[in-house]
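Participant: If you scroll down you'll find the structure; I have some questions about it.
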Amino acid sequence: MAGRAKLVRQPRQQDAALHSRQPVEPSAPNSTVSTQPSNAVVELDQVDFAYQPGARRILSGLCMRVPKGSVVAVMGGSGCGKTTILRLIGGQVSAAAGTVRVHGQDIGAMDKRALYDARRQMGMLFQFGALFTDLSVFDNVAFPLREHTELPEPLIRDLVLMKLNAVGLRGARDLMPSEISGGMARRVALARAIALDPSLILYDEPFAGLDPISLGLTASLIRKLNDALGATSIIVSHDVQETFHIADYVYFIANGGIAAEGTPAELTASTDPFVRQFVHGEADGPVPFHYPGAPLADDFGLGKDGGAR
């Protein structure tokens, strides 16, 4: 893509300080983050990342800011680095260059103890829930409370039941993961993610594999719980309709950087080829079908004329 579709919006009150930049013309990808003060909970500044030295760079000069109290979506094609961004924020992997800050603290510079403490302020909903299959619904939600706190069991019980009630599953507390549906499992995982009342909640494909009713319910819960807890949420998702319905701001990732950003309304109306292809599910566009690799003829040992070499 030749340039980045820079979409500027009129921000909501909660993140006005962050996204109050003046309209600008489309600029080159990976431009420098503004130095204006912000209330950002998460900041990625010129982040580079590859899973192995010398391997294909997943992210290159990535700049993102996530304001307090907002629901921000990260979208893009498969393999573009969306989940990698969540791993960087959670400290599972470290950036090769640049800085990842959460609540103003450099995640990459933390020792194990500091990172452990930082993660107590984060909730994570993994793809397909990732419940412990040998633990009941109750014990799955209680796990972070028992792991990160020294609260007495009677208080843990009350907190777990409150979280399960918030997602409508207090009555399912004694069931095992094998006894509940996929949509229910996702809600249990959501209750576990908010067990410690985190200030930051990360969602990795929260809508994948859900039926329409469960999908809509999960999306509604994400928005309502974010607002009720006063939390900040980052959603990685391919589901355009539900994500746009609950997100305040959206980043589209391509070629290792931000291809476009803006409100759901702005992105829906965008004429940028990449945004249009993704939002409207068009088969033809700038997003390639094939993963980068050697020419097909090279893999089959064929010469330029099609004959064997």
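In our numbering, the protein residues as written are 12 to 320. We put the CB at the ideal spot given by N, CA and C, even for glycine.
In three-state terms, what does DSSP make of proline 78?
Facilitator: Along the sequence shown, read from residue 1 onward, the residue named residue 78 stands at position 67. In this structure, proline 78 counts as strand in the three-state DSSP scheme.
Participant: When the Cβ atoms of the region 162 to 171 are set against those of the region 91 to 105, are three or more pairs found closer than 8 Å?
Facilitator: With a cut-off of 8 Å, the region 91 to 105 and the region 162 to 171 do not count as touching, because too few Cβ pairs lie within range.
Participant: Starting from the Cα of leucine 136, find the closest Cα among Tyr214, Ala242, Pro275 and give me that residue.
Facilitator: Along the sequence shown, one-based indexing puts residue 136 at 125. When only C-alpha atoms are compared, the closest one is Tyr214.
Participant: Near serine 189, which residues of its chain fall below 8 Å by C-beta distance, leaving aside the five closest residues on each side in sequence?
Facilitator: The residue given as residue 189 occupies position 178 in the sequence shown. Around serine 189: Thr144.
Participant: Starting from tyrosine 127, trace the alpha helix (DSSP H) both ways and give me its first and last residue.
Facilitator: The sequence position of residue 127 within the sequence shown is 116, counting from 1. Element bounds for tyrosine 127: 123 to 130.
Participant: Is it buried or exposed, threonine 282, if we count other Cβ atoms within 10 angstroms and call 16 or more buried?
Facilitator: Numbered from 1 along the sequence shown, position 271 holds the residue referred to as residue 282. So threonine 282 counts as exposed.
Participant: Cβ atoms of isoleucine 205 and leucine 240: under 8 Å apart, would you say?
Facilitator: For the purposes of this step, residue 240 is taken as residue 229 along the sequence shown, with counting starting at 1. For the purposes of this step, residue 205 is taken as residue 194 along the sequence shown, with counting starting at 1. Yes.
Participant: Starting from glutamine 57, trace the beta strand (DSSP E) in both directions and tell me its first and last residue.
Facilitator: In the sequence shown, residue 57 corresponds to position 46, counting from 1. From DSSP, the beta strand (DSSP E) with glutamine 57 extends over 51 to 60.
Participant: Measure the CB-CB distance between methionine 86 and threonine 254 and report whether it falls below 8 Å.
Facilitator: As a first step, residue 86 is located in the sequence shown; it is residue number 75 there, counting from the start. As a first step, residue 254 is located in the sequence shown; it is residue number 243 there, counting from the start. The answer is yes: Cβ separation under 8 Å.
Participant: On a CA-only basis, which of Asp310, Ile245, Tyr262, Pro78 is nearest glycine 115? Give me that one, please.
Facilitator: Counting from 1 along the sequence shown, the entry for residue 115 is found at position 104. Checking every option, the nearest Cα to that of glycine 115 belongs to Pro78.
Participant: Am I right that leucine 180 and valine 148 are in contact with their C-beta atoms under 8 Å? What's the rounded C-beta distance?
Facilitator: For the purposes of this step, residue 180 is identified with residue 169 of the sequence shown, where counting begins at 1. For the purposes of this step, residue 148 is identified with residue 137 of the sequence shown, where counting begins at 1. Indeed they touch by this definition, with Cβ atoms about 7 Å apart.
Participant: Between the alpha carbons of arginine 157 and asparagine 151, how many angstroms are there, rounded?
Facilitator: As a working mapping, residue 157 is identified with position 146 in the sequence shown. As a working mapping, residue 151 is identified with position 140 in the sequence shown. Distance between the alpha carbons of arginine 157 and asparagine 151 is about 10 Å.
Participant: State buried or exposed for arginine 130, treating a residue as buried only when at least 16 other CB atoms are found within 10 Å of its CB.
Facilitator: Along the sequence shown, one-based indexing puts residue 130 at 119. Buried, since its Cβ has 16 or more Cβ neighbours within 10 Å.
Participant: Going by beta-carbon coordinates alone, are valine 83 and alanine 258 separated by less than 8 Å?
Facilitator: On the sequence shown, position 72 is the one that residue 83 refers to. On the sequence shown, position 247 is the one that residue 258 refers to. Yes, the pair counts as a contact, with Cβ atoms nearer than the cut-off.
Participant: Buried or exposed for aspartate 208, please, with buried defined as at least 16 other CB atoms from any protein chain shown within 10 angstroms of its CB.
Facilitator: Taking the first residue of the sequence shown as 1, we reach residue 208 at position 197. So aspartate 208 counts as exposed.
Participant: Straight-line CA distance for leucine 228 to phenylalanine 311?
Facilitator: One-based indexing of the sequence shown puts residue 228 at position 217. One-based indexing of the sequence shown puts residue 311 at position 300. Distance between the alpha carbons of leucine 228 and phenylalanine 311: 49 Å.
Participant: Could you name the residues that DSSP lists as bridge partners for leucine 73?
Facilitator: Translated into the one-based positions of the sequence shown, residue 73 becomes position 62. Paired residues: Val58.
Participant: I need the DSSP call for valine 173, collapsed to helix, strand or coil.
Facilitator: In the sequence shown, the residue the question calls residue 173 occupies position 162. Note that residue 173 is methionine in the sequence shown, not valine. In this structure, methionine 173 counts as helix in the three-state DSSP scheme.
Participant: Would glutamine 57 and glycine 109 qualify as a contact pair, given that the criterion is a beta-carbon distance under 8 Å?
Facilitator: Counting from one through the sequence shown, the residue named residue 57 turns up at place 46. Counting from one through the sequence shown, the residue named residue 109 turns up at place 98. It is a contact, given that the beta carbons lie within the stated cut-off.
Participant: Could you work out which residue in Ala242, Val261, Leu211, Leu236 is closest to lysine 93 when comparing CA atoms only?
Facilitator: For this step, residue 93 is matched to residue 82 along the sequence shown. Nearest option by C-alpha distance: Val261.
Participant: Starting from phenylalanine 285, trace the alpha helix (DSSP H) in both directions and tell me its first and last residue.
Facilitator: Residue numbering aside, residue 285 sits at position 274 when the sequence shown is read from its first letter. Here the alpha helix (DSSP H) through phenylalanine 285 covers 284 to 290.
Participant: Secondary structure at isoleucine 100, three-state DSSP: helix, strand or coil?
Facilitator: What you label residue 100 is simply residue 89 of the sequence shown in a count that begins at 1. If DSSP states are grouped into helix, strand and coil, isoleucine 100 belongs with the helices.
Participant: Determine the burial state of alanine 106: buried for a count of at least 16 other Cβ atoms within 10 Å of its Cβ, exposed for fewer.
Facilitator: In the sequence shown, the residue the question calls residue 106 occupies position 95. It counts as buried.
Participant: Could you name the residues of the same chain whose beta carbon sits closer than 6 Å to that of leucine 186, not counting the 5 residues immediately before and after it, in chain order?
Facilitator: Working through the sequence shown from its first residue, we reach residue 186 at position 175. These residues qualify, in order along the chain: Val148.
Participant: Skipping 5 residues on each side, what residues in its chain have a beta carbon closer than 8 Å to that of aspartate 117?
Facilitator: Counting from 1 along the sequence shown, the entry for residue 117 is found at position 106. Contacts found: Thr110, Val111.
Participant: How many Å lie between arginine 184 and arginine 168 at the Cα?
Facilitator: Looking up residue 184 in the sequence shown gives position 173. Looking up residue 168 in the sequence shown gives position 157. Their Cα atoms are separated by approximately 10 Å.
Participant: Compute the beta-carbon to beta-carbon distance between threonine 202 and leucine 221, rounded to the nearest angstrom, for a pair I have assumed lies under 8 Å.
Facilitator: Locating residue 202 in the sequence shown gives position 191, counting from the first residue. Locating residue 221 in the sequence shown gives position 210, counting from the first residue. The sequence as given places alanine at residue 202; threonine does not occur at that position. Incorrect: roughly 16 Å between the Cβ atoms, too far for contact.
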